[in-house]
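Structure record follows, encoded as structure tokens.
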Amino acid sequence: MAGASLGVLLLLGLLGSSVGKNEELRLYHHLFDNYDSGSRPVREPEDTVTISLKVTLTNLISLNEKEETLTTSVWIGIDWQDYRLNYSKDDFGGIEILRVPSELVWLPEIVLENNIDGQFGVAYDANVLIYEDGSVTWLPPAIYRSVCAVEVTYFPFDWQNCSLIFRSQTYNAEEVEFTFAVDDNGETINKIDIDTEAYTENGEWAIDFCPGVIRRHNSGATDGPGETDVIYSLIIRRKPLFYVINIIVPCVLISGLVLLAYFLPAQAGGQKCTVSINVLLAQTVFLFLIAQKIPETSLSVPLLGRFLIFVMVVATLIVMNCVIVLNVSLRTPTTHAVSPRLRHVLLELLPRLLGSPPPPEAPRAASPPRRASSVGLLLRAEELILKKPRSELVFEGQRHRHGTWTAAFCQSLGAAAPEVRCCVDAVNFVAESTRDQEATGEEVSDWVRMGNALDNVCFWAALVLFSVGSSLIFLGAYFNRVPDLPYPPCIQP
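Numbering (mature numbering (1 follows the signal peptide of the UniProt record, and there is no 0)), first residue to last: -20 to -1, 1 to 473.
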């Protein structure tokens, strides 16, 4: 008995399903036996088909700055009214929605005008939904690669305005009219719709605004019907953390190393130039990495590129400064003479302006004391020549120190023996050489002190130039913000 009941239920289910399929088949023949998918769904030729458009963004895949290409994954929601597809659900078993292939019905042939790969249509021809009042809904998915003119002036603190332009491929503005879709609350969806649950956030770009506007323009003829298109502006802002960590911070740290060259002595010009040139080479590598990222354009220079060029100029100036300081520090009295004005500026005026004490100056002796051995040798020579006791000679030596020296000693040297005269000449030569060496050493030390003073001034100038220039360059990125548009944000907080 139970088995018979189960068999009856299965038979009724099969009959019901077959009846349902027969009703859908009957509705299908009712709608499409005399249907022409090539003609517009209008009663009169001058009538216009109203197309309701809604774009839902599911993924912002990438923005290739080098190729200036935006890749997005979207769903295109298209609704229109086709009076030829009206039916009463009561006549067809209560069927409210009929799903048919898209090639069976008339389509408005909406394409992405600014695509870059020649794929104007959708990625998958989804079925069309037909309602009993003649409303037709088509929701195909698509992956678009569109043109996006990249503005690199403030890279990597930039934002881009990438547009998606949709229009009908074959129908003009008098044949097809575009409108924005309306949500369940009766509000017009005049922007790209983003479902926060289905949307996959991009790791490099954040969406700020995505407004849409319907534009009608002439196709070339002044009296023609013109064309209508829908422009969705996708305003995206770059997340700069990746570039800050991997490019900007290492670049700033390496560029700061060039200032360490000033902590080397003024005479170590070779080591200073080596440090500065190594920094220049590192900055060249960073500039090459940036050139591979941005498009090849001469319209603007990226912010990071301007910073690297600025630091390279500073490093070049520091190399020139190291060469000049080394040239000043290694000067000698035989090649250059120290002018009083230069000595006053570098050793007195500049240290006073910088608030630092002037470099220590070696004490100058008016008349260096004569060595005891030299004095004894002269007294012995005079005793032999003049035949006078040493006490009298010492007394005459005292008179010489007090300015009462007579010319007797000088006259006696002329008649002295050749050996003694040669000995005295040698002693005088040694004394003169010692005095010349001391004077030369003092002038050499003056050149070294002037080189150190010049190096100190250039250090503070380079530090101020590097700090102020870098701050002004990166301060421009702070004011490069997405302008406030009269549209609500795409993603509600």
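We treat Cβ as the ideally placed atom computed from N, Cα and C, and that holds for glycine.
Just so it is clear, the structure is predicted and the values come from calculations on it, not from any experiment.
Secondary structure in the stretch 124 to 166: the beta strand (DSSP E) runs of 3 residues or longer, each lying completely within the stretch, are 139 to 148 and 156 to 160 in chain order. A distance below 6 Å between beta-carbons, with the five flanking residues on each side excluded, links leucine 237 to the following residues of its chain, in chain order: Val259. Separation of valine 255 and asparagine 141 (C-alpha to C-alpha, rounded to the nearest whole angstrom) is 43 Å. The criterion of a C-beta distance shorter than 8 Å is satisfied by valine 291 and serine 235. Annotated as distal: threonine 133 and leucine 329, with beta-carbon spacing of 8 Å or more. In the three-state scheme derived from DSSP, where H, G and I count as helix and E and B as strand, proline 230 is classed as helix. By the Cβ rule, the stretch 145 to 158 counts as touching the stretch 204 to 215, because three or more pairs are nearer than 8 Å. Residue environment analysis places leucine 33 among the buried positions, since at least 16 neighbouring C-beta atoms fall within 10 angstroms of its C-beta. Straight across, the Cα-Cα distance linking isoleucine 174 with leucine 37 is about 5 Å. Around the beta carbon of phenylalanine 135, 16 or more other beta carbons sit within 10 angstroms, so the residue counts as buried.
In the three-state scheme derived from DSSP, where H, G and I count as helix and E and B as strand, lysine 46 is classed as coil. Contact between the stretch 189 to 196 and the stretch 47 to 58 is absent: fewer than 3 CB-CB pairs across the two stretches fall below 8 Å.
CA-CA distance, isoleucine 289 to leucine 455, rounds to 16 Å. Separation of the CB atoms of phenylalanine 137 and asparagine 436 is rounded to 36 Å, and the pair is thereby denied contact status at 8 Å. Judged by DSSP in its simplified three-state form, glycine 250 adopts helix. Counting only residues of its own chain and dropping the five nearest sequence neighbours on each side, alanine 246 has a CB closer than 6 Å to the CB of Val305, Ser309, Gly431, Asn432 and Asp435. For isoleucine 215, no alpha helix (DSSP H) run applies; the uninterrupted beta strand (DSSP E) run containing it begins and ends at 207 to 218, by DSSP. Take the alpha-carbon of alanine 271 and the one of leucine 221: they are about 19 Å apart. Tyrosine 111 is positioned such that its CB atom lies closer than 8 Å to that of isoleucine 77. Here the alpha carbons of phenylalanine 439 and cysteine 403 stand approximately 54 Å from one another.
Nearest Cα to lysine 273 within the set Cys231, Leu214, Trp139 and Asn44: Asn44. Apart from sequence neighbours up to five positions away, the residues of its chain that approach glutamate 89 with a beta-carbon distance below 6 Å are Ser148, Gln149 and Thr150, ordered along the chain. In this structure, the CA atom of isoleucine 216 is about 6 Å from the CA atom of tryptophan 185.
Cβ contact annotation for lysine 69 (same chain, cutoff 8 Å, sequence separation greater than five): Ile75, Glu76 and Glu112, in chain order. Considering only Gly73, Glu131, Val85 and Asp71, the residue with the shortest C-alpha distance to serine 278 is Glu131.
Only residues of its own chain outside the window of five on either side were considered, and among them Arg64 have a CB closer than 7 Å to the CB of tyrosine 15, listed in chain order. Excluding the 5 residues flanking it on each side, serine 115 has same chain C-beta neighbours closer than 7 Å at Asp59 and Gln61, in chain order. With fewer than 16 neighbouring CB atoms inside 10 Å of its own CB, alanine 441 falls in the exposed class. Excluding the 5 residues flanking it on each side, valine 303 has same chain C-beta neighbours closer than 8 Å at Gly249 and Cys253, in chain order. Non-local C-beta neighbours of arginine 125 in its own chain, meaning closer than 6 Å and more than five positions away in sequence, comprise Thr49, Thr51, Ile96 and Asp97, ordered along the chain. Serine 280: not part of any alpha helix (DSSP H); DSSP gives it neither H nor E.
The alpha-carbon separation between glycine 101 and proline 121 amounts to approximately 10 Å. By DSSP's assignment, glutamine 263 forms no beta bridge with any residue.
Shortest Cα-Cα distance from leucine 214 to any of Val54, Leu261, Tyr8 and Asp71 involves Val54. Rounded to whole angstroms, the separation of the alpha carbons of tyrosine 179 and proline 275 is 28 Å. Put simply, the backbone Cα of arginine 6 is about 21 Å away from that of threonine 117.
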